[in-house]
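To convert, note that position 148 of the sequence shown is 148 in full-length UniProt numbering; the numbers rise steadily by one, no gaps. Below is one structure; the comments refer to it alone.
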Amino acid sequence: MSVIRMENVTKKYEDTLIFRDIYFRVSKGERIGLIGRNGAGKSTVFKLIMGQEQPTAGNVELDPKVKISYFSQFSELSGSLSVQQELELCFGQVTLIEQELHQIGEQLGQVTDDNQMNTLLERQAELFEQMDHLDGWNVSVEINTVLTKLGFDERSRHQPVEELSGGWRNRAALAKVLIEVPDVVLLDEPTNFLDMEGIVWLEQWLHRFTGAMLLVSHDRQFIDRVVTRTIEIENYHFQEYEGNYTDYVQKKKMRKKVLDRQFEWEEELLLMESEAIDTRGRKKSPKDRLSRKLTEIKKRVEPHPVNVLITDIYSNLRFPDKLAEVKGIGQTYDGRTIFQNISFDIQKEDRMVIVGPNGSGKSTLIKVLTGQEEPDSGVVTWERGVSYAYFNRMWDELDPKDTVSHAVNVYGLGLDAPRKKVNKFLSMLQFSEVDLSKRIGHLSGGQQARVALAKCLLSGAAVIILDEPTNHLDLTSIQVMEQVLIHFPGAVVTVSHDRFFIDKIATKMLTFDPESGISEQDV
1 MSVIRMENVT KKYEDTLIFR DIYFRVSKGE RIGLIGRNGA GKSTVFKLIM GQEQPTAGNV
61 ELDPKVKISY FSQFSELSGS LSVQQELELC FGQVTLIEQE LHQIGEQLGQ VTDDNQMNTL
121 LERQAELFEQ MDHLDGWNVS VEINTVLTKL GFDERSRHQP VEELSGGWRN RAALAKVLIE
181 VPDVVLLDEP TNFLDMEGIV WLEQWLHRFT GAMLLVSHDR QFIDRVVTRT IEIENYHFQE
241 YEGNYTDYVQ KKKMRKKVLD RQFEWEEELL LMESEAIDTR GRKKSPKDRL SRKLTEIKKR
301 VEPHPVNVLI TDIYSNLRFP DKLAEVKGIG QTYDGRTIFQ NISFDIQKED RMVIVGPNGS
361 GKSTLIKVLT GQEEPDSGVV TWERGVSYAY FNRMWDELDP KDTVSHAVNV YGLGLDAPRK
421 KVNKFLSMLQ FSEVDLSKRI GHLSGGQQAR VALAKCLLSG AAVIILDEPT NHLDLTSIQV
481 MEQVLIHFPG AVVTVSHDRF FIDKIATKML TFDPESGISE QDV
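Laid out in structure tokens, this is it:
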């Protein structure tokens, strides 16, 4: 039985088409992954389901009996209650029962009348039965488990929500969604603020969850582990693939081969038709409709020479073998040791990934490496003439009045590389010709992230430093970034919890473990 139905749905924003004539159903117990480039309409699907927006045409129907919970990467709790109290509110009936049981317990210790005692005992038995039915005895355990696995310690779980950072309020919102145990859960980038332990636990929670799930995520391994059907929003339509992300990759590859063969036949037929037209003595115009169609087909079947372009752009870069040395650094906040006595070298062609639970000091180490903070002990020494490019700083320093093309072409390798090559590089990051002339201030957050990434990758610096870069990118942009980082002749230092990304690029791992300390190992 379908719990969500979209019938011939079209969605536009003014003159911009998002998708059209969508027919889509979600059945009880399904696990669906929704993928597509930034701006394809993934979050719009959720907003339509939640009634936050209306379709331009068609109908969105929900089973009125089901409870739907929506978590967005921008979801945040607010108010003066603590996270613990917010979650306890989800069990209001259990709380009332517990309060009445406590009152009965006190009264039983004072009452002397047998009839009154029997009345209290009967009421107590009724309340015990209700608690059993609601599984109320396990509520405190459930709340504690969710908060622990999402990284909340004793202090943060009892701290007023309004005093928490945006990231922690986001995690609190996720905790509330999970505690509510809805019939349908809509998850939009739920792993962005989680460490690896939290992600693994969320995977396990979703495997136990008996309701339906709709997921938007850039984390390919997470998608692989939790979905049973993958839907890609492509060319304004839904293209469905049975199975997880691995199945999607294989099936899309086969589908593309079939389409390519169709395009080859279509091209051959069009060429033959063109020759027949020429034979009949008609003149061909450069604007001829047939010529345009041929050009479009060639573009569709021609693969992007990603690696050729990347190696060409990087061909003149030369770096020394040793780029930097970190020796015995330590850092403390408010008397609490974040890390101590960390030492490692950064060598040419290193791909160092920093991993560990939230709050263990990964981002603090990045701040020390990039000079945002001075270490309390030890020293970071960059070799003479060696520079680094820091993705997050690039993003913060983007000029909202600048255009995409100008911002990238007047910086780093963009200064010397032919504009055609730079623009082709930008096209791989899904910037159209129209996008290149747009002002950065008019772009979405994801598009701005891609501009910052392009500047970072084309900076010409010897070391590229990234802090959770996959949080801000769609799957296609992540795949391009991975290929660039693999071919980059310098070094890469990145914090990440994206296991698929780590597996593809890492040559060294710097692991922050609260129990065993910090360790470095080759991969």
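We put the CB at the ideal spot given by N, CA and C, even for glycine.
Below 8 Å on the Cβ atoms is my guess for residue i versus residue j; work out the distance and round it to an integer in Å.
i	j	result
Asp435	His218	Contact flag wrong, Cβ pair sits at about 20 Å.
Pro514	Ser377	No, Pro514 and Ser377 are not in contact; Cβ-Cβ is about 20 Å, not under 8 Å.
Ile440	Leu398	5 Å
Val83	Arg5	Going by Cβ atoms, the distance from Val83 to Arg5 rounds to 35 Å, so no, they are not a contact pair.
Ser78	Asp188	At roughly 19 Å, the Cβ-Cβ gap does not stay under 8 Å, so Ser78 and Asp188 are not in contact.
Asp224	Tyr241	Going by Cβ atoms, the distance from Asp224 to Tyr241 rounds to 13 Å, so no, they are not a contact pair.
Glu162	Ser80	6 Å
Pro400	Gly330	So it is not a contact: roughly 38 Å between Cβ atoms.
Phe391	Leu466	5 Å
Asp195	Gly446	Contact doesn't hold; Cβ gap of about 23 Å is too wide.
Suppose you measure from the CA of residue i to the CA of residue j; what does that come to, to the nearest Å?
i	j	result
Ala454	Lys65	47 Å
Arg155	Trp137	24 Å
Ala389	Glu468	15 Å
Gly328	Val523	23 Å
His497	Glu122	53 Å
Thr470	Val480	11 Å
Phe501	Leu174	24 Å
Ile199	Phe222	8 Å
Ala462	Gly490	5 Å
Arg318	Trp201	44 Å
Asn307	Asn144	48 Å
Trp395	Gln448	7 Å
Leu339	His406	This sequence places Phe at residue 339; Leu is not what is there. Distance between the alpha carbons of Phe339 and His406: 41 Å.
Leu510	Val326	13 Å
Asp345	His237	49 Å
Met131	Val111	24 Å
Gln54	Thr44	10 Å
Ala506	Gln521	11 Å
Leu379	Gly41	In the sequence under discussion, the amino acid at residue 379 is Val, which differs from the Leu named in the question. Those two C-alpha atoms are separated by around 47 Å.
Cys456	Ser477	14 Å
Could you check which residue in the options has the C-alpha nearest to that of residue i?
i	options	result
Glu349	Asp15, Leu485, Ala212	Leu485
His472	Ser444, Ala462, Phe488	Ser444
Pro190	Val216, His102, Glu180	Val216
Asn38	Asn235, Phe391, Gln159, Lys367	Asn235
Gln483	Met428, Lys508, Ala449, Gln447	Met428
Val451	Phe488, Ser432, Val404	Val404
His487	Leu458, Phe512, Arg499	Leu458
Glu76	Asp132, Asn316, Arg255, Lys176	Lys176
residue 525	Ala40, Arg25, Ser432, Ala417	Outside the shown range of the chain, which is 1 to 523, sits residue 525, and nothing can be said about it.
Ile310	Asn115, Lys421, Lys149, Val141	Lys421
Thr370	Glu383, Pro357, Arg393, Met352	Arg393
Short check: CB of residue i to CB of residue j, under 8 Å?
i	j	result
Phe193	Arg171	yes
Leu87	Gln124	no
Ile342	Ile518	yes
Gly211	Val184	yes
Ile231	Phe19	no
Glu30	Arg229	yes
Leu48	Lys11	yes
Ile97	Leu120	no
Val227	Gly385	no
Thr381	Ala324	yes
Ile354	Val492	no
Val410	Leu426	no
Leu178	Val146	yes
Leu186	Phe24	no
Cβ-heavy atom distance between residue i and the ligand GDP below 7 Å?
i	result
Ile223	Ligands displayed in this structure: none; no statement on the ligand GDP is therefore possible.
Q: Could you name each continuous alpha helix (DSSP H) segment of 4 residues or more that falls completely within the stretch 29-62, going from the start of the chain to the end?
A: 42-49
Q: Note down, one range per segment and in chain order, each alpha helix (DSSP H) of at least 4 residues found wholly within the stretch 350-383.
A: 362-369
Q. What are the uninterrupted segments assigned as alpha helix (DSSP H) that are 4 or more residues long and contained completely in the stretch 432-474, given in chain order?
A. If we require 4 residues or more, the alpha helix (DSSP H) runs fully inside the stretch 432-474 come out as 433-436, 445-457.
Q: Go through the stretch 473-523 residue by residue and report every complete run of the beta strand (DSSP E) that reaches 3 residues or more, in order.
A: Uninterrupted beta strand (DSSP E) stretches at least 3 residues long and entirely within the stretch 473-523 occur at 491-495, 508-513, 517-522, given in chain order.
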